[in-house]
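Below: one structure, written as structure tokens.
2 protein chains.
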Amino acid sequence: MDERMLQKSGSAGSAVYQHLKQQIVSLDLPPGTTLSEKEMSLTFQVSRTPVRESFVRLAQEGLVLVLPQRGTRVSLIDSDMVEEARFMREQLEKAVIRLACESFPADRLADLESNLTEQQHSIQQRDGKRMFELDEDFHRILFEGCRKRGTWNTIQQMNAHLNRTRILWLWTDPHWEHLYEQHRQMFLAVKQQQADLAEQIMKEHMSLNIANLPVLKERYPEYFK
Amino acid sequence: MDERMLQKSGSAGSAVYQHLKQQIVSLDLPPGTTLSEKEMSLTFQVSRTPVRESFVRLAQEGLVLVLPQRGTRVSLIDSDMVEEARFMREQLEKAVIRLACESFPADRLADLESNLTEQQHSIQQRDGKRMFELDEDFHRILFEGCRKRGTWNTIQQMNAHLNRTRILWLWTDPHWEHLYEQHRQMFLAVKQQQADLAEQIMKEHMSLNIANLPVLKERYPEYFK
DNA sequence: CCTACCATACTACCATACAAGTATGGTAGT
DNA sequence: ACTACCATACTTGTATGGTAGTATGGTAGG
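Protein chains in written order, with full-length UniProt numbering: chain A, 1 to 225; chain B, 1 to 225.
Structure follows, in structure tokens:
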């Protein structure tokens, strides 16, 4: 484990955890991959203890599945969990954007606007990875502006399943322009305090994530439960 | 660690985890209590390793706070987290009970009814602890009947903070009759598929949890952040 | 050729020893 | 009396050896 990385994360266990989580959510470690404490301890150059600690945390979030005395593997994407995550996000994001339409800090509104500018940039440069991050940031800023940061963090738990399907979908059909347009309209609705409009767009925005799930299950059957 | 308990939970680590979690949420271990791996390993008669594993899991849920090289203590109740948990539950429970009004399995509806009967029983017997469990069960059945079990589980994370305040409140003012009446009305609304009515009662039901927070902070200041 | 068995090489789980950071109380020096 | 220092007894973090359960491949027996 690199020293800089350790300092950033505070402990070896946290560093391994963050590294693995990033790789799992980005599908760098595809669903079904077997992990094993020993193997990871060798690649990260730490003992099995911090690796085991990271496995415990990942299992708690449903990102890996630990089978006692048999092995540990990256959890398959659960279609039901994907739909539930979408459901949760729809309800909470609709409620939050209504709050945002009532009152939203000016500086956070500015953050949204600069985020949109960066989105345009990333689309022009065909930088899908950056665009995905900006998408996440856009919604996170909405939550934070409404003082609902903890809610956003809680959503992230189940979001792991949803996000992995979103990445799969974007592999097959990068439809960034459509997403950007929705983001822009939501920004304007918040700025002009049009709650009903904002909620409606958000509802459609969230519905996008689920429509193509059957297609993905057919194209990547080995990734799904 | 008792052998029966170990068999029930699968591993020593899980057993310690479940035990501590139950004690924390029930305020048997009050907020601020220092824990220490060594101490717990002695009381549970296991080594530090499974105890440490349980600490990691509890920290992941925000139930304990681990300060490296200094100690571990039961996390104080965070007022902001309590309000956010209430917010999350309100949005999700409103959406779920609307779904329930559209369609709800007959056997689960029967479960709700028998749950209500048990609630009456527990109120007569002044069994607050049992009543609290039944309250939780009532809402869990609603989620499960709508195939939103994962959503319920996710809520539980943040619910730890909310539930601890609810217990404090019920220590000072056991108002079980009022809660029972709301539960009964929600049951009838679901049965008669009156979505708007059900949502309205649920909204009031969720609002109860937050009103007396300032009073509790004044009465138990050492429990809050 | 097929089947039952067993040695072997994995796995996660647990106990233990050591390392490193921190709080605390006593003591020497001013 | 007060302050600076340090030994000591804590704490969590990490490394490692051993245990028990499981999958697998080869082998002996039918």
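Backbone N, C-alpha and C fix where the C-beta goes; we use that ideal spot for every residue, glycine too. Keep in mind that this is a model prediction, so the values were computed, not measured.
Cα-Cα separation between residue i and residue j, rounded to whole angstroms
i, j, result
"Ile-24/B", "Asn-153/B", "18 Å"
"Leu-109/A", "Arg-73/A", "41 Å"
"Pro-221/A", "Ala-59/A", "22 Å"
"Gly-145/A", "Val-215/A", "36 Å"
"Ile-123/B", "Phe-87/A", "35 Å"
"residue 237/B", "Ile-77/B", "One cannot answer for residue 237/B here, as it falls past the ends of chain B, which runs 1 to 225."
"residue 239/A", "Lys-217/A", "Since the first residue of chain A shown is 1 and the last is 225, residue 239/A is not available in this structure."
"His-183/B", "Leu-142/B", "11 Å"
"Gln-18/A", "His-178/B", "46 Å"
"Trp-171/A", "Leu-208/A", "15 Å"
"His-205/B", "Met-158/A", "26 Å"
"Leu-168/A", "Val-64/A", "18 Å"
"Lys-129/B", "Gln-119/B", "11 Å"
"Ser-47/B", "Val-82/A", "38 Å"
"Gln-69/B", "Gly-10/A", "12 Å"
"Ala-15/B", "Thr-43/A", "31 Å"
"Val-66/A", "Thr-34/A", "10 Å"
"Leu-29/A", "Tyr-180/B", "49 Å"
"His-175/B", "Ser-26/B", "18 Å"
"Arg-166/B", "Leu-213/B", "9 Å"
"Gly-32/A", "Pro-31/B", "40 Å"
"Ala-85/B", "Ala-85/A", "17 Å"
"Arg-126/A", "Ile-155/A", "28 Å"
"Asn-163/B", "Ser-36/B", "24 Å"
"His-121/B", "Ser-79/A", "40 Å"
"Arg-147/A", "Arg-219/A", "40 Å"
"Gln-194/A", "Gln-45/A", "54 Å"
"Phe-138/B", "Leu-188/B", "13 Å"
"Arg-149/A", "Arg-149/B", "23 Å"
Per-residue DSSP class, three states only, for residue i
i, result
"Thr-43/B", "helix"
"Leu-63/B", "coil"
"Thr-34/A", "strand"
"Ser-11/A", "coil"
"Gln-157/A", "helix"
"residue 229/A", "This structure cannot settle anything about residue 229/A, because the visible part of chain A is limited to 1 through 225."
"Lys-217/B", "helix"
Residue range of the unbroken beta strand (DSSP E) whose run includes residue i
i, result
"Ala-208/B", "Correcting the residue identity first, residue 208/B is Leu in this sequence and not Ala. Here Leu-208/B belongs to no beta strand (DSSP E); instead the alpha helix (DSSP H) covers 195-211."
"Gly-71/B", "71-74"
Best match in the options for proximity to residue i [C-alpha to C-alpha]
i, options, result
"Met-202/B", "Thr-34/B, Lys-191/B, Gln-185/B", "Gln-185/B"
"Glu-102/B", "Glu-204/B, His-178/B, Glu-199/B, His-205/B", "Glu-199/B"
"Gly-71/B", "Arg-164/B, Arg-130/B, Lys-38/B", "Lys-38/B"
"Glu-40/B", "Arg-52/B, Pro-174/B, Gly-10/B", "It is Met, not Glu, that sits at residue 40/B in the sequence shown. If we check each option's Cα against that of Met-40/B, Arg-52/B comes out closest."
"Asp-111/A", "Arg-48/A, Arg-140/A, Thr-34/A", "Arg-140/A"
"Asp-173/B", "Gly-13/B, Gln-193/B, Ala-211/B", "Ala-211/B"
"Phe-104/B", "Gln-192/B, Leu-213/B, Ser-14/B, Ser-9/B", "Gln-192/B"
"Thr-151/B", "Asp-196/A, Leu-42/A, His-161/A", "His-161/A"
"Ala-106/B", "Asp-196/B, Gln-194/B, Val-190/B", "Val-190/B"
"Asp-196/A", "Arg-219/A, Asp-80/A, Ala-100/A, Asn-163/A", "Ala-100/A"
"Ala-12/A", "Arg-126/A, Lys-148/A, Thr-49/A", "Thr-49/A"
"Ser-75/B", "Phe-138/B, Lys-21/B, Gln-45/B, Leu-188/B", "Lys-21/B"
Alpha helix (DSSP H) segment containing residue i, residue limits
i, result
"Ala-145/B", "A small correction: the amino acid at residue 145/B is Gly; Ala does not occupy that position in the sequence shown. Where Gly-145/B is concerned, the enclosing alpha helix (DSSP H) stretches over 128-145."
"Phe-87/B", "79-102"
"Val-188/A", "Looking at the sequence provided, one finds Leu at residue 188/A rather than Val. Unbroken alpha helix (DSSP H) run through Leu-188/A: 176-191."
"Glu-222/A", "Here Glu-222/A belongs to no alpha helix (DSSP H), and DSSP marks it neither H nor E."
"Leu-27/A", "Element bounds for Leu-27/A: n/a, residue is neither H nor E."
"Gln-119/B", "106-124"
Checklist entry - Taking one C-beta from the region 92-102 of chain A and one from the region 77-92 of chain B each time, how about it: are there three or more such pairs within less than 8 Å? => result yes
Next on the checklist: I'd like to know if the region 46-63 of chain B and the region 40-59 of chain A are in contact, where contact means that at least 3 CB-CB pairs between them fall below 8 Å.
Outcome noted: yes
Checklist entry - Hey, is the region 111-118 of chain B in contact with the region 129-142 of chain B, meaning 3+ C-beta pairs nearer than 8 Å? => result yes
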